[in-house]
Amino acid sequence: MKSQGQHWCSSSDKNCKVSFREKLLIIDSNLGVQDVENLKFLCVGLVPNKKLEKSSSASDVFEHLLAEDLLSEEDPFFLAELLYIIRQKKLLQHLNYTKEEVEGLLPTRQRVSLFRNLLYELSEGIDSENLKDMIFLLKDSLPKTEMTSLSFLAFLEKQGKIDEDNLTCLEDLCKTVVPKLLRNIEKYKREKAVQIVTPPIDKEAESYQGEEELVSQTDVKTFLEALPRAAVYRMNRNHRGLCVIVNNHSFTSLKDRRGTHKDAEILSHVFQWLGFTVHIHNNVTKGEMEEVLQEQKCNPAHADGDCFVFCILTHGKFGAVYSSDEALIPIREIMSHFTALQCPRLAEKPKLFFIQACQGEEIQPSVSIEADALNPEQPPTSLQDSIPAEADFLLGLATVPGYVSFRHVEEGSWYIQSLCNHLKKLVPRHEDILSILTAVNNDVSRRVDKQGTKKQMPQPAFTLRKKLVFPVPLDALSL
1 MKSQGQHWCS SSDKNCKVSF REKLLIIDSN LGVQDVENLK FLCVGLVPNK
51 KLEKSSSASD VFEHLLAEDL LSEEDPFFLA ELLYIIRQKK LLQHLNYTKE
101 EVEGLLPTRQ RVSLFRNLLY ELSEGIDSEN LKDMIFLLKD SLPKTEMTSL
151 SFLAFLEKQG KIDEDNLTCL EDLCKTVVPK LLRNIEKYKR EKAVQIVTPP
201 IDKEAESYQG EEELVSQTDV KTFLEALPRA AVYRMNRNHR GLCVIVNNHS
251 FTSLKDRRGT HKDAEILSHV FQWLGFTVHI HNNVTKGEME EVLQEQKCNP
301 AHADGDCFVF CILTHGKFGA VYSSDEALIP IREIMSHFTA LQCPRLAEKP
351 KLFFIQACQG EEIQPSVSIE ADALNPEQPP TSLQDSIPAE ADFLLGLATV
401 PGYVSFRHVE EGSWYIQSLC NHLKKLVPRH EDILSILTAV NNDVSRRVDK
451 QGTKKQMPQP AFTLRKKLVF PVPLDALSL
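Heads up, the sequence shown stops at 479 in the UniProt record's numbering, and the numbers go up one at a time, no gaps.
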């Protein structure tokens, strides 16, 4: 460990190349004992408490952030946010950020909760004399150990005396001892009342072979920022909703879709975890598809559900998917069964469609990679044409128009596997569905086949009016 304030090289020394972990160690060397406690406090709820309790240095905390995918060389913003909060702004240079850049990104990338920010602000406003008075008022319920203002507030939280929805004890203490801090609490209440969950990703996903993105990262960000405050879909009805999975493996003359069972299994697993009732239909003919659509359109269970999900795993070409008897069904026709007019029970509720099927010309696959495509008979038009012209729809396609999507014959498709893994990872972090799909885009766009010649770029299209944030399930999910 280096001595306090020591640097290994000057930031102006262009010949000095420092690895990311060395940069973290430099930051660690510039942080004191109280800084470490501050970092640990701000990471509560994001890093397991047991790990934080055992952390004795900033580098310990950084190690946990790396393990929890909260910190990486490609995206160090969360650490920049922490350093900004604890007023170590000079250290931002080691992460290639300025104070102004962090301030500009915080509205859309903030991870530390409003409640934790409030407690940290209050701790800074409680001096030693204020702390003695507060401890005196609660003497009977406090342990006989020396406390800082931060550990005092942490103890109140741990004992359940305060939480993000119950600040009565804190308000009483501030009213008696430090009345000026009541303004911080009122500010928190106002911000919490209009809080919306913001996307964590600001990296632009790679485009595929020069294909123009139909909905760019910038478009998604603009859409999210333009939403009215507190514009989040309701997710507290009697049940989450229904999830229908159409899984076509065998066809009349087309190649079998080996590995599709892996996609069906993981979709079922993840959406059950999210609270959905899942129905799987295998090798669905055109007639059977119409029966499924009619049954779901009239399903009375939609009345008490929050959301509706429809997944299709099959062969396809632009704007359409194949039934197992090889009838070509337009995606728009499938989705039109669930408009407000056709399905009133789903009116003003989010309707999500995820389709693993190619949308263009087939590329000759390698041994273990297959493409869900047929040769197209018409040039691509706009993906938005596949969505009904009304609100609350989202269409997630495995690939952009005109291109294939890939499926591993043993492990399942790149898109569906990534979608499910990111739902598992990001729903517990309260990310909205568009932010999750952006992360999926970024993940899948970076994958290549064994020869390094074939790539894929998923693409969402949507008419959502609000943010869709799935409640965090109580149980952990193992995939």
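All C-beta atoms in this analysis are idealised placements derived from N, C-alpha and C, irrespective of residue type, glycine included.
If only complete runs of 4 or more residues are kept, the region 295 to 343 shows the alpha helix (DSSP H) at 331 to 335, in order along the chain.
In the DSSP assignment, His-261 falls within the alpha helix (DSSP H) that extends over 260 to 273.
As the crow flies, the alpha-carbon of Val-284 is around 16 angstroms from that of Phe-354. Between Leu-182 and Leu-137 a beta carbon distance of about 16 angstroms is seen, past the 8 angstroms cut, so the two are scored as non-contacting.
For Ile-27, the enclosing alpha helix (DSSP H) has its first and last residue at 20 to 29. Counting only residues of its own chain and dropping the five nearest sequence neighbours on each side, Glu-191 has a CB closer than 7 angstroms to the CB of Leu-114. When DSSP states are grouped into helix, strand and coil, Gln-356 belongs to the strand group. When the Cα atoms are used, Glu-291 and Leu-313 turn out to be separated by approximately 17 angstroms. Residue state for Leu-46 is assigned as coil, using DSSP reduced to three classes. A distance below 8 angstroms between beta-carbons, with the five flanking residues on each side excluded, links Val-47 to the following residues of its chain, in chain order: Val-61, His-64, Leu-65, Glu-68, Leu-70.
Assignment of beta-bridge partners to Leu-395 by DSSP yields Phe-353, Ala-461. For Lys-286, the closest C-alpha among the options Glu-326, Leu-254, Gln-296 is that of Glu-326. Of the residues assessed, Asn-238 falls on the exposed side of the cut-off, its CB having fewer than 16 other CB atoms within 10 angstroms. Residue pairing by DSSP puts His-281 in a beta bridge opposite Val-246. Looking from the CA of Ser-72, the closest CA among Arg-21, Gly-125, Ser-29 belongs to Arg-21.
In the structure shown, Phe-470 adopts coil according to DSSP, grouped into three states.
Judged by DSSP secondary structure, Asp-443 falls within the alpha helix (DSSP H) whose first and last residues are 433 to 445. The closest CA to that of Lys-187, considering only Leu-119, Leu-426, Leu-397, Leu-131, is found on Leu-119. For Asn-236, the three-state secondary structure derived from DSSP is coil.
Taking C-alpha positions only, His-249 is separated from Lys-54 by approximately 50 angstroms. If you draw a 10 Å sphere on the C-beta of Arg-234, you find fewer than 16 other C-beta atoms in it, and that means exposed. Ala-80 and His-430 have their alpha carbons spaced roughly 20 angstroms apart.
For the pair Leu-468 and Asp-443, the CB atoms are not nearer than the 7 angstroms cut-off.
DSSP, reduced to helix, strand and coil, places Ser-57 outside both helices and strands of the structure shown, so it counts as coil. The C-alpha of Gly-275 is placed about 24 angstroms away from the C-alpha of Ala-461. With respect to the 7 angstroms criterion, Thr-339 and Glu-390 are classified as neighbours on the basis of their beta carbons. Nearest Cα to Ser-57 within the set Val-440, Asp-392, Val-36: Val-36. Assignment of Ser-413 by DSSP, reduced to helix, strand and coil, places it in the strand class. Each of Ala-347, Glu-333, His-261 was checked against the Cα of His-302, and the nearest Cα belongs to Ala-347. Phe-78 sits in a helix when the DSSP states are folded into three classes. Between the C-alpha atoms of Ile-334 and Leu-293 there is a straight-line separation of about 7 angstroms. Taking C-alpha positions only, Ile-162 is separated from Leu-25 by approximately 35 angstroms.
Burial state of Ser-435 is buried, judged by a 10 Å Cβ sphere holding 16 or more other Cβ atoms. Residue pairing from DSSP places Asp-163 in a beta bridge opposite Asn-166. Glu-295 and Leu-153 have their alpha carbons spaced roughly 54 angstroms apart.
For Asp-133, the uninterrupted alpha helix (DSSP H) segment begins and ends at 128 to 137.
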